[in-house]
Amino acid sequence: MLRMLGVARRAAARPSVMAVPRQYALPLYKAYSTVPSKACAACGATNDAAALQCGACHALQPVPSEVDYFSILGVPRSSVPGNGWKVDPKELKAQWRKQMAVTHPDRLVARPDKEQQIGAQQSAIVNKAYETLVRPLDRAIYLLEIAGAGDVEEGASLEDPELLMEVLELQEALSEAEDRATVEEVGVQNEAHLTRVLGELDGAFEATPLDTDRIKNLAVQLRYWTNIAKAVQEWQPGQRVELHH
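Per the working numbering, the sequence shown starts with residue 96, numbered consecutively.
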């Protein structure tokens, strides 16, 4: 029997992000920005490592793989509360638009082929940085990598038996739902779980030193509730509900 909870459901709208062309493979970005500057390949001027174009000649610049996603978007991680966790989505969106204005293909039509290729790679990197930092689950996993705690493995199970039972109950209710009202009820309950775990992550990322084991456990929970929320949004009458955690 589903328990009704008085929690308003929020829509998680995201701006449209350009698709990454298949021919441009993303480099593996490392956890820390260890390269403070770089020389422009065109004029030799010194630029910040995260600069997308040269400040002197405006030629597009490759971004070293050591530069972190915060720097790529022009939002220093040191300026973000909670060790980088409590990002401002509006600021991220504004910075994403600013960076994309530099690398958008329409702006590079008259540039040499090499710069167009750099621009396409930059667009892919900027998009990846934005998507990673704006999505709570991806951001938590990325910050764990920065802390040297490794990845949160796909398929990792919940440690709390009670939480696991609640997940199974919501999944069952969603798979058996025959109308939108039942699906909305599942969504309301799931939103309560999302709100709780995000609040716990707020506190966990404020701790010094970070308890990475606790954050990993919370990230696993967040993955379950995030996947259920996605299934609620995509639910269609008569279609099979498939959840992959």
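Glycine residues also receive a C-beta, built at the ideal position from the N, C-alpha and C atoms.
Beta-carbon spacing of residue i, residue j below 8 Å
| i | j | result |
| --- | --- | --- |
| Y164 | Y237 | yes |
| V292 | Q266 | no |
| N142 | C135 | yes |
| L269 | A326 | yes |
Sequence-distant residues of the same chain with beta carbon closer than 7 Å to residue i, five excluded per side
| i | result |
| --- | --- |
| E254 | N312 |
| A114 | Because A114 carries a pLDDT of 40, less than 50, the predicted location of this residue cannot be relied on, and the following value inherits that uncertainty. Hits under 7 Å: none found. |
| A146 | Q156 |
Reduced DSSP secondary structure (H/G/I, E/B, other) of residue i
| i | result |
| --- | --- |
| A126 | With a pLDDT of 45 at A126, under the threshold of 50, the modelled position of this residue cannot be trusted; read the value that follows with caution. Reduced to three states, the DSSP call for A126 is coil. |
| A205 | coil |
| K133 | strand |
| N312 | helix |
| P110 | Residue placement at P110 is poorly supported in this model, since its pLDDT is 39, which falls under 50; the coordinates still yield a value, given next. Correct three-state label for P110: coil. |
| L317 | helix |
| Q156 | coil |
| Q148 | strand |
Distance between residue j and residue i (C-alpha atoms, nearest Å)
| i | j | result |
| --- | --- | --- |
| V197 | Q328 | 34 Å |
| E271 | T303 | 44 Å |
| S160 | V247 | 22 Å |
| A140 | Q194 | 20 Å |
| A224 | L168 | 7 Å |
| S218 | L305 | 32 Å |
| P171 | E273 | 47 Å |
| V281 | E264 | 10 Å |
| D183 | A251 | 29 Å |
| H288 | Q148 | 43 Å |
| L121 | Q212 | With a pLDDT of 41 at L121, under the threshold of 50, the modelled position of this residue cannot be trusted, and the question is left open. |
| W180 | A235 | 7 Å |
| Q334 | V158 | 44 Å |
| E301 | R275 | 39 Å |
| P332 | D201 | 41 Å |
| A215 | K209 | 10 Å |
Close beta carbons around residue i, own chain, < 6 Å, minus the five adjacent residues each side
| i | result |
| --- | --- |
| R309 | A299 |
| A324 | N285 |
| D233 | T227 |
| A205 | none |
| V262 | Y319 |
Contacts around residue i, its chain only, beta-carbon distance under 8 Å, and the 5 residues preceding and following it disregarded
| i | result |
| --- | --- |
| R231 | One point to set straight first is that residue 231 is Pro, not Arg, in the sequence displayed. Correct list, in chain order: L293, L296, L317, T321. |
| L239 | G245, D246, V247, T307, I310, K311, A314 |
| V278 | L269, A272, V327, W330 |
**Request:** Starting from the N-terminal side, write out each stretch of the alpha helix (DSSP H) that is 4 residues or longer and does not extend beyond the segment 229-308.
**Result:** DSSP runs (the alpha helix (DSSP H)) wholly in the segment 229-308: 231-241, 256-271, 275-301.
**Asked** In chain order, which continuous runs of the alpha helix (DSSP H) of length 4 or greater are located wholly inside the segment 171-203?
**Response** Listed in chain order, they are 184-198.
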